[in-house]
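Undergrad: My questions will all concern the structure given below.
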Amino acid sequence: MTSDEMITQLQAEVKGLTSSLVTADYTNAIAAAERDTGWDLPQTADLKITWLLSRAKRHLFAFLMTESAAKFKFEDINLQQRFEHYRLMIQDMDKEFKEAQEEYAFEFAGVSAYQIAGTKIDSGFSYEAQTGRETTYDKNNAVIITPNENS
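If you use this note's numbering, the sequence shown closes out at 1359, no skipped numbers anywhere.
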């Protein structure tokens, strides 16, 4: 999904609120979502697209809440309810995002499982696969210190 496609998707998802938002709001919300997640657009991974969209919507709601706060009047119950509704939605979205970060820690960290555990350093003993001859002290034998998925 590209940035333009995400803007189109966001406009479809926030529907009637689009009259209160301008193009710069969508661009700023996407930029903030990229900072939140550490991911950039374009994206093809479904999990990343889902959370980039969710975080962008969260920032759009924050923009709308800020605008509502400027219009906020103590006596006007309608704006008070709108302001509170945005605040509760943002809190819920932040909570869901935190839970997702814990559930999908590897995806949000941008590393594989073997990279998180640390570096494996071989013992240095080596043998030829075909003959079983010890090659530990051969000059071309090196200790492997680079982690990979198979070690």
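C-beta: ideal position from N, C-alpha, C; glycine also.
1) Identify whether tyrosine 1234 lies in helix, strand or coil by the three-state DSSP scheme.
2) Give the range of the alpha helix (DSSP H) segment to which leucine 1249 is assigned.
3) Taking buried to mean at least 16 other C-beta atoms within 10 Å of its own C-beta, is histidine 1299 buried or exposed?
4) Can the beta-carbon of leucine 1268 be found less than 8 Å from the beta-carbon of alanine 1237?
5) Methionine 1214 lies in the alpha helix (DSSP H); which residues open and close that run?
6) What residue from Leu1229, Glu1213, Met1301, Ala1308 has the CA that sits closest to leucine 1255's CA?
7) Decide if leucine 1218 is buried, meaning its Cβ has at least 16 other Cβ atoms within 10 Å, or exposed.
8) Given a cut-off of 8 Å, decide if valine 1222 and lysine 1265 are closer than it, judged by their beta-carbon atoms.
9) Between glycine 1224 and the rest of its own chain, which residues show a CB-CB distance below 7 Å, the 5 nearest in sequence each way excluded?
10) Under 8 Å, do aspartate 1365 and arginine 1263 count as touching if we go by C-beta distance?
TA: Walking through what the data contain:
1) In this structure, tyrosine 1234 counts as helix in the three-state DSSP scheme.
2) Boundaries cannot be given for leucine 1249, as no alpha helix (DSSP H) includes it and DSSP labels it neither H nor E.
3) Residue identity check: residue 1299 is glutamine in the sequence provided, not histidine. Burial call: exposed.
4) Their beta carbons are under 8 Å apart, which means leucine 1268 touches alanine 1237 by this criterion.
5) Bounds of the alpha helix (DSSP H) holding methionine 1214 are 1211–1222.
6) For leucine 1255, the closest alpha carbon among the candidates Leu1229, Glu1213, Met1301, Ala1308 is that of Ala1308.
7) Counting Cβ neighbours within 10 Å, leucine 1218 comes out buried, since at least 16 surround it.
8) The answer is yes: Cβ separation under 8 Å.
9) The answer is none, since no qualifying residue turns up.
10) Absent from the structure is residue 1365, since the part of the chain shown begins at 1209 and ends at 1359.
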